[in-house]
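**Q** Offset between the sequence shown (1-based) and the working numbering: plus 83.
Ideal Cβ positions, reconstructed from N, Cα and C, are used throughout, including at glycine.
Got a structure for you, questions after.
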Amino acid sequence: MLKGGLMVDSSGPAELYFESNDTSVEIYVDSISLQPFTKEEWISHQHQSINEVRKSKVRLQVVNPQGNPVAGAEVRIVQKRPSFPFGVAINHNILNNMAYQNWFASRFTVTTFENEMKWYSTESTRGREDYSVPDAMIGFARQHSIQVRGHNIFWDDPKYQPSWVYSLSPSELRAATNQRINSLVTRYRGQVIAWDVVNENLHFNFFESKLGWNASEVYFQRAHQLDGQAVMFMNEYNTIEDNRDLASSPARYLQKLKEIRSFLGDNGPIGVGLEGHFSIVNIPYMRSALDTLASAGVPIWITELDVVAGPNQVPTNSSF
């Protein structure tokens with residue numbers, strides 16, 4: 084069964100075409116249901132989903148020191164901290180900006196470092212590791228009980244490697260990556276809740292091209308061996324943003340996830356990371372993509388959300 088939808092800016096007669104890149108597949112259309120909805124109906128459904136999924140009933144009983152119920156007691160509840168993980172990225176500028184620190188710590192429960200943990204930041208010169216900045220940022224997060232996602236151990240895009248990596252032979256690169264993963268993950272073991280192990284390994288294959296087809300799987304296995312409590316994430320773009328990008332389609336994502344889990348022997352927590360760099364937001368496609376990814380039964384996180392400015396967007400000062 085295919086599930087999805089479409090967004091249109093006008094009304095009138097329409098023709099729907101169904102096609103597949105696989106010419107051996109025959110497509111039969113048995114039932115099509117088009118259900119239009121207004122913005123108000125969408126908001127109503129949003130509230131209904133929040134009430135069903137994000138809220139629960141709580142029963143309170145006030146008792147005295149002897150354990151007897153107190154009649155007519157007045158109860159006031161103040162939310163001190165949200166349980167739902169919600170955060171933004173931070174960079175090194177937060178370390179010397181108290182206003183930035185106070186603003187951030189009062190709003191968010193999770194963070195990711197923009198560049199400070201990346202390989203080209205911690206080892207810009209071969210053999211000279213410098214973790215002073217991410218150490219300080221980890222300390223800030225710990226001080227304010229903010230959880231940290233480790234981003235990232237490796238990045239499969241050839242553009243984002245330390246400059247000295249490109250001249251290495253395969254054996255030298257293997258030794259360098261072993262040092263990198265052992266050093267980084269061991270240092271922050273127990274201090275991060277997750278690792279983006281090999282960033283964007285559906286679109287790119289720098290390490291696979293140098294070290295073999297299963298390089299990502301090897302790194303996932305090693306990261307789990309070093310930090311068995313953290314969730315090991317894939318992290319990709321266009322999986323929920325653009326249905327034209329077949330390199331990172333939900334089906335391709337699940338295939339790669341299955342390969343990694345098979346290599347791990349289904350041991351250790353693993354997660355789906357979705358970057359969420361939106362230009363035009365196709366809500367029906369996004370919902371169907373998330374439904375497909377949810378079939379894996381693992382955590383799904385939106386890891387890098389941004390939306391290009393456009394018409395008909397909800398003003399930032401609106402409330403729901």
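With distances taken between CB atoms, is the gap from N318 to D328 smaller than 8 Å?
**A** no
**Q** Name the DSSP bridge partner or partners of Q230?
**A** In the DSSP secondary-structure assignment, Q230 is bridged to V193.
**Q** Is the beta carbon of T205 closer than 8 Å to that of G170?
**A** no
**Q** Could you tell me which of K339, D325, Q312, N265 sits nearest to W296, measuring between CA atoms?
**A** K339
**Q** Counting pairs of beta carbons, one from the segment 262-282 and one from the segment 228-238, are three or more of them closer than 8 Å?
**A** yes
**Q** For A258, count neighbouring Cβ atoms within 10 angstroms of its own Cβ and tell me buried if that reaches 16, exposed if not.
**A** exposed
**Q** By the 10 Å Cβ neighbour count, where 16 or more other Cβ atoms means buried, how is I115 classified, buried or exposed?
**A** It is exposed - the Cβ of I115 has fewer than 16 other Cβ atoms within 10 Å.
**Q** Rounded to the nearest angstrom, what separates A379 and L285 at their Cα positions?
**A** In a straight line, the C-alpha of A379 is about 17 Å away from that of L285.
**Q** How is F237 classed by DSSP in three states: helix, strand or coil?
**A** strand
**Q** Along the alpha helix (DSSP H) that carries Q340, what are the first and last residues, could you check?
**A** It is worth fixing the name first, because residue 340 is Leu in this sequence and not Gln. Its alpha helix (DSSP H) spans residues 333-347.
**Q** Which term fits V145, buried or exposed, when burial requires 16 or more other beta carbons within 10 angstroms of its beta carbon?
**A** V145 should be labelled exposed.
**Q** Would you check if the segment 345-353 and the segment 293-312 touch, i.e. whether three or more CB-CB distances between them fall below 8 Å?
**A** yes
**Q** Using alpha carbons as the reference points, say which of E291, P253, F187, V314 lies closest to G273.
**A** That would be V314, whose Cα lies nearest to the Cα of G273.
**Q** Would you say the segment 195-210 touches the segment 219-238, given that touching needs at least three Cβ pairs under 8 Å?
**A** Because the criterion of three Cβ pairs below 8 Å is met, the segment 195-210 and the segment 219-238 touch.
**Q** Could you give the first and the last residue of the continuous alpha helix (DSSP H) run that contains L373?
**A** 366-377
**Q** When you compare the CB of I236 with every CB in chain B, is at least one pair closer than 8 Å?
**A** Here there is only one protein chain, and chain B is not present.
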